[in-house]
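These notes concern the structure reproduced below.
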Amino acid sequence: YLNHLFKAKELTFFRLASLHNLHYYLELARKMREAILNNSFTQFKRNFYHLRGK
Numbered sequence: 012y013l014n015h016l017f018k019a020k021e022l023t024f025f026r027l028a029s030l031h032n033l034h035y036y037l038e039l040a041r042k043m044r045e046a047i048l049n050n051s052f053t054q055f056k057r058n059f060y061h062l063r064g065k
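Residue numbers (the working numbering): 12 to 65.
Structural data, given as structure tokens:
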């Protein structure tokens, strides 16, 4: 569905993509904040990069 919207240059695609990206980064920031408060940010960062193949 999203691929079709993108190829058709529908404005709905950009709205949905923006909402997805906002959700992703807000959730990432929440998890980072939690890791910092728990003094486990180094482990969080290591796991974050490991899951993304870096």
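C-beta atoms are modelled at their ideal positions from N, C-alpha and C, and glycine is treated no differently.
Being a predicted model, the structure only gives us computed values, none of them experimental.
Here F52 has M43, A46 as same chain residues with Cβ atoms under 8 Å from its own Cβ, once five neighbours each way along the sequence are excluded.
DSSP, reduced to helix, strand and coil, places R63 outside both helices and strands of the structure shown, so it counts as coil.
For the 8 Å CB-CB criterion, L33 and F24 do not form a contact. The beta carbon of L16 lies closer than 6 Å to those of T23, F24 in the same chain, with the five residues before and after it left out. Along the length of the segment 19–63, whole alpha helix (DSSP H) runs at least 4 residues long occupy 22–48, 52–62, reported in chain order.
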